[in-house]
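Under the UniProt record's numbering, the first residue of the sequence shown carries the number 1, and numbering increases by one thereafter.
Even glycine gets a Cβ: it sits at the ideal position worked out from N, Cα and C.
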Amino acid sequence: MEPSKVYFTSMHTHLNEGLPAKLQRLIKTAGIGNINFKDQYTAIKLHFGEPGNLAFLRPNYAAAVADVVRELGGRPFLTDCNTLYVGGRKNALDHIESAYKNGFTPYTTGCHVIIADGLKGTDETHIPVEGGEYVKEAKIGHAIADADIIISLNHFKGHENAGMGGALKNLGMGCGSRAGKMEMHSAGTPVVDQSLCIGCGRCHNICAHDAATVTDRKASIDPDKCVGCGRCIGVCPVDAVQPQYDEAFDVMNKKIAEYTKAVLAGKPHFHISLVIDVSPYCDCHAENDIPLVPDVGMFASFDPVALDLACADAVNRQPVMQGSMLDHGEQHAAHGDHFTAAFPDTNWRVCTDHAAKIGIGSTEYELIEVK
């Protein structure tokens, strides 16, 4: 098998071409025009940024990609799924408001925002995962499952659980409904924080398996009856129903790969990663730290596995940013990898290796620079 092609360009610009235009030239050179976009609903999957975080990709980049899709005849929309944790993106109303506050409006990007798993994170499509070791049927946000074409626009960065976050993380974890995210994060069933529970009974009313019950105005969930659908998490008005976040990091990374396979199954897809503001933590944080390394550039490929590996290799060739959490020489010397040095309990390669194993892409790549 030939290595997958990954296209790269630096962040260097000149008077006649700014970064959005350079990004458009990169993705056109990488072959995005080989996809038939004519009248096709095109999901541009990205992270709108948790309010308070400033490391997320600027909406200018999303606008540049959307413009190319429209130029090719497609019908683009920006999308993400609701979060599992409590924050500014846990339901569609808050999520869209957060996206707008961070600049992702139809007026700035030229296309609409659709929260793929609906108002409460319960609108999902169940997609079989062929060859899945941990996930037999992924729970994917309905609007993403319904799209004709998938484009991932990724802010490449570190991650405290996965090790690093790129195309696979953006697609796998990011496209899961709230129940899907629970499946990836948790080895068990939801639990109820009874100090928060108000005894409203909504979890009981939504449960098709009689696992959620209310006694003395406090809910509880029977793990023997619960099937892990996560709908109780979505309907709880006070966020008392919570996942256990007890899945091993390696298993979670494999589940992310398997969810990615479900998202991409049977659809044309294309992947873009910007290796800038390489924060140690996910953009789900309501803050961001000093980047681990200097800005590297923009990458594009039809292969999300090769793309993630090319980006990770590029990051690991960079010097540590002064003042960052890696600004201690012994950390990188001990691990030989910036991401492992930042989070020694993680191994990001588990995700890329498993993704290659189940047929999403290749761990071999050819890097082609676009000047």
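Given this structure, state the Cα-to-Cα distance separating K45 from D216, to the nearest angstrom. 43 Å
Whole runs of the alpha helix (DSSP H) within the region 1 to 52, excluding any shorter than 4 residues: 19 to 29
Tell me which same chain residues have a C-beta within less than 6 Å of the C-beta of P223, skipping the five on either side of it? T189
CB of L274 to nearest heavy atom of the ligand MG: below 7 Å? The ligand MG is not part of this structure, which contains no ligands at all.
Quick check on DSSP: helix, strand or coil for E133? coil
Whole-angstrom C-beta distance between N53 and D283, which should lie under 8 Å: 5 Å
E71 (DSSP reduced to helix, strand or coil): helix
V6 versus D303: straight-line alpha-carbon distance, rounded: 8 Å
Comparing alpha-carbon positions, which option in L57, I150 and G132 lies nearest A43? I150
Kindly give me the distance between the Cβ atoms of V235 and C203, rounded to whole angstroms, as I take these residues to be in contact under 8 Å. 6 Å
For F302, does the three-state DSSP call read helix, strand or coil? coil
Rounded to the nearest angstrom, what separates L307 and M173 at their Cα positions? 17 Å
Please determine if the region 123 to 139 and the region 258 to 276 are in contact, where contact requires at least 3 C-beta pairs separated by less than 8 Å. yes
I'd like to confirm the pairing. Which residues does DSSP put opposite Q242 in its beta bridges? V191
Could you tell me the boundaries of the alpha helix (DSSP H) in which V293 lies? Where V293 is concerned, there is no enclosing alpha helix (DSSP H), given that its DSSP letter is neither H nor E.
Alpha carbon to alpha carbon, how far is F156 from Q244? 27 Å
N154 by DSSP, collapsed to three states: which one? strand
Please tell me whether N288 and S301 are closer than 8 Å, where the distance is taken between their beta carbons. no
Count the C-beta pairs between the region 170 to 186 and the region 240 to 259 that are closer than 8 Å, then say yes if the count reaches three, no if not. yes
Going by the DSSP bridge assignment, what does H271 pair with across the sheet? S152 and S301
For I256, name the three-state secondary structure that DSSP assigns. helix
Compare the C-alpha of I360 against each of A167, A30 and N34 and name the closest. A167
Nearest-angstrom Cα distance between M321 and A314? 14 Å
Can you look up residue 451 in the DSSP assignment and give me helix, strand or coil? Because residue 451 is not part of the residues shown, which for the chain are 1 to 371, the question remains open.
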